[in-house]
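For the protein sequence lines, the chains are A and B, in the order given.
Heads up: the first sequence begins at 1 in the working numbering, then just goes up one per residue.
Heads up: the second sequence begins at 1001 in the working numbering, then just goes up one per residue.
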Amino acid sequence: MNCQSFEETVNELARDRILDQTMEANLREGVSVHLDECTACAVRLQDGRSLTRCLDELAREMKSSTTPAHIEEQLLQAYRQTLPQFRALQPAASRLPGRALGHRSHWLLAAAAVFLLVFGIVLLRSKVSPPSPRESLTVQTVESAQPRNSTPPDRDPIATGTESTPKSASHSNNNGALTSRKDRRRPQTLERHPSNRDGETTMLTKGARPATTENQTDAEIATQFIALSYTGPASLQDGGQIVRVEVPRSTMASFGLPVNMERYSERVKADVLLGFDGFPRAIRFVQ
Amino acid sequence: MKEQTDGSDSELLQSILAGDEEALSALYRRRQQGIYRFALQMCGSKTVAEDVTQEVFMVLIREGHTFDPSRGSLNGFLLGVARNHVLRRLRRERFYVAMDEDSECDANQTSLPTAGPLDDLARSERIELVRRAVLALPERYREVVVLCDLEEMSYVEAAEILGCAVGTIRSRLHRGRGLLIERLRPTHQEETAAATTKAARCFA
Chain A
1 MNCQSFEETV NELARDRILD QTMEANLREG VSVHLDECTA CAVRLQDGRS LTRCLDELAR
61 EMKSSTTPAH IEEQLLQAYR QTLPQFRALQ PAASRLPGRA LGHRSHWLLA AAAVFLLVFG
121 IVLLRSKVSP PSPRESLTVQ TVESAQPRNS TPPDRDPIAT GTESTPKSAS HSNNNGALTS
181 RKDRRRPQTL ERHPSNRDGE TTMLTKGARP ATTENQTDAE IATQFIALSY TGPASLQDGG
241 QIVRVEVPRS TMASFGLPVN MERYSERVKA DVLLGFDGFP RAIRFVQ
Chain B
1001 MKEQTDGSDS ELLQSILAGD EEALSALYRR RQQGIYRFAL QMCGSKTVAE DVTQEVFMVL
1061 IREGHTFDPS RGSLNGFLLG VARNHVLRRL RRERFYVAMD EDSECDANQT SLPTAGPLDD
1121 LARSERIELV RRAVLALPER YREVVVLCDL EEMSYVEAAE ILGCAVGTIR SRLHRGRGLL
1181 IERLRPTHQE ETAAATTKAA RCFA
């Protein structure tokens, strides 16, 4: 035996609690040989035995420790009070054993989870997709070569309110026009949807001018503009620009839009609506 | 009544859940001391230990149906509940400052005195010192020392209560005892030095 193996057994030796009797004889023999050679281990064992004696004394001292009688009284009183409730629950429990209840509750939870999931997906889709003819106009195309109306805006397209012509939303390079999917052939001016929800900008087409055919092949589908959270209600009073950028597809998820997980790492085009001060006000995703 | 007191813990529990007050009283009298001692040795406060003991039996009344005999004894279940309550109270109230866990105790490197460090202390002082040293242990070592050394439980029983492997109990006990020896040694040396100084003054 060496010091390391002695250290592994010193507590059992000091506590005098070696369970394996056959092993004990061999162990004790090896230990006594080692202790003759190693003073440090002999002292270690002595310390351990002293500690065991002290702990035994402490244990004996505390052997008689008990709770005061009033604790039992209080407990029984509490038991009496809870007993009627407990008995009221008892028949129900006997009708539906714990295991069966567990299974049933698991199935119920699973069904509820599926229902919530489906409901959430439906809700999300209804929010993104055009539910009515008027709202369908909110899905727009960007015709990249179309000259844009460069008249400065008089209203903030993000702000909630009545109609405004988002001439403000003139592209930085005057390269795009927002047209409805239903009427792609006609260049259009944009107006604000009167029944706009908070935080969302809906561009509606007026369709007053003839269409340009050259841009039809470049037609793109876009979501409606989504206001960025820190945008003030009248922040585009003085004008703005739309800038085409590419962002990770995961960005769509952060706006609550559904994302194809298989293409999660791919990038997606987006139009960012910049305010006069250069800060982004809204974003829409383009496909 | 005799039947109640002689019944096994599980039988008493069934009776308690069926509304038998005497069964609760019998089980309480049988197990309260161990739970109270464990709580007292863990936290050092009689008030907290009483609260914990009461709360353990309240849990048994409310949630006794969750006890599964195949997973261990009812006493182990009760002590496990007591342990959770004690640890919660300790974390909330922090009665004692834990010892430094990094002060490694290596028997081969330290020069230990030939005499036992605790041999010369008066019994009551010694018990008090040991009690304080146990209370100053980090919780995970303290609970193992309390269960294995003070409550004289086997490693298997302690492992069942603490929900860990027997090897873990063994290593924690080893570490805890090492910390206790380290903790108690300086006190002994200081007291020996103080006694020597006092004697020298008397002769001066």
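Think of the CB as a built atom: it goes at the ideal place given N, C-alpha and C, for glycine as much as any other residue.
Nearest-angstrom Cβ-Cβ length linking residue i and residue j, presumed shorter than 8 Å
i, j, result
"V1134/B", "V1144/B", "Wrong, their Cβ atoms sit about 11 Å apart, outside the cutoff."
"D301/A", "I1181/B", "The displayed coordinates of chain A run from 1 to 287. Any statement about residue 301/A would go beyond what the structure contains."
"M1/A", "Q1041/B", "About 34 Å separates the two Cβ atoms, so there is no contact after all."
"L1027/B", "D1009/B", "7 Å"
"R1050/B", "I121/A", "The residue you asked about is not Arg; residue 1050/B is Glu in the sequence shown. E1050/B to I121/A, Cβ: 55 Å. No contact."
"L1013/B", "L1074/B", "6 Å"
"G1034/B", "E1157/B", "G1034/B to E1157/B, Cβ: 11 Å. No contact."
"V1052/B", "V1086/B", "6 Å"
"A1136/B", "R1183/B", "7 Å"
"L27/A", "T52/A", "That pair is no contact at about 17 Å."
"Y1155/B", "C1148/B", "7 Å"
"V259/A", "M252/A", "5 Å"
Reduced DSSP category for residue i - H, G, I as helix; E, B as strand; rest coil
i, result
"D1149/B", "helix"
"Q241/A", "strand"
"G1072/B", "coil"
"E246/A", "strand"
"V259/A", "coil"
"T66/A", "coil"
"F1067/B", "coil"
"G1007/B", "coil"
"S1154/B", "coil"
"S126/A", "helix"
"C3/A", "helix"
"T121/A", "First, the residue type needs correcting, since residue 121/A is Ile and not Thr in the sequence shown. Helix, per DSSP."
"M1099/B", "Its pLDDT being 48, under 50, M1099/B is placed unreliably in this model, and the value from its coordinates should be taken loosely. The answer is coil: DSSP assigns M1099/B none of H, G, I, E or B."
"D277/A", "coil"
"A1018/B", "coil"
"G1178/B", "helix"
"N1108/B", "Low per-residue confidence applies at N1108/B: pLDDT is 38, beneath 50, and the placement is therefore not dependable enough to give any value."
"S32/A", "helix"
"L58/A", "helix"
"I1061/B", "helix"
"E220/A", "coil"
"A1136/B", "coil"
"Y1045/B", "Looking at the sequence itself, residue 1045/B is Ser, so the reference to Tyr does not match. The answer is coil: DSSP assigns S1045/B none of H, G, I, E or B."
"C41/A", "helix"
"A1039/B", "helix"
"D16/A", "coil"
"A113/A", "helix"
"G1163/B", "coil"
"A1122/B", "coil"
Any non-hydrogen atom of the ligand FAD closer than 7 Å to residue i Cβ
i, result
"G240/A", "Absence of the ligand FAD from the depicted structure is noted, as is the absence of any ligand whatsoever, leaving it without description."
Interface partners of residue i on chain A, CB under 7 Å
i, result
"V1130/B", "C54, L55, L58"
"R1083/B", "Chain A residues near R1083/B: none, gap ~17 Å exceeds 7 Å."
"Y1028/B", "E72, L75"
"F1057/B", "L75"
"I1061/B", "Y79, T82"
"T1053/B", "T67, I71"
Contact set between residue i and chain B, taken where Cβ atoms lie within less than 7 Å
i, result
"A69/A", "Ordered by position in chain B, no residue passes the 7 Å Cβ test against A69/A, which lies about 11 Å from the chain."
"L83/A", "G1019"
"Y264/A", "Going along chain B, no residue has its Cβ under 7 Å from Y264/A, so there is no contact; the nearest lies around 40 Å."
"N288/A", "One cannot answer for residue 288/A here, as it falls past the ends of chain A, which runs 1 to 287."
DSSP beta-bridge partners of residue i
i, result
"I283/A", "I226/A, V272/A"
"R267/A", "P248/A"
Chain-ordered neighbours of residue i on chain A, where CB pairs are closer than 9 Å
i, result
"I1181/B", "R44, D47, G48, S50, L51"
Where residue i meets chain A, residues with beta-carbon distance less than 8 Å
i, result
"S1025/B", "E72, L76"
"R1126/B", "C54, E57"
"E1050/B", "T67, P68, I71"
"R1123/B", "E57"
"R1032/B", "Looking at the sequence provided, one finds Gln at residue 1032/B rather than Arg. Residues of chain A passing the Cβ test: T66, T67, I71, E72."
Proximal residues of chain B, C-beta to C-beta of residue i below 8 Å
i, result
"M62/A", "R1037, L1040, Q1041, L1150"
Exercise for the section: Pair every Cβ in the segment 52-63 of chain A with every Cβ in the segment 24-36 of chain A, then say whether three or more of these pairs are closer than 8 Å. Expected result: no
Practice task
Determine, using beta-carbon pairs with one atom in the segment 1079-1095 of chain B and one in the segment 103-120 of chain A, whether at least three such pairs fall under 8 Å.
Solution key: no
Problem - Cβ contact check for the segment 1158-1172 of chain B and the segment 1046-1064 of chain B: 3 or more pairs under 8 Å - result: no
Practice task
Would you be able to state if there are at least three C-beta pairs under 8 Å between the segment 242-254 of chain A and the segment 270-285 of chain A?
Solution key: These segments touch.
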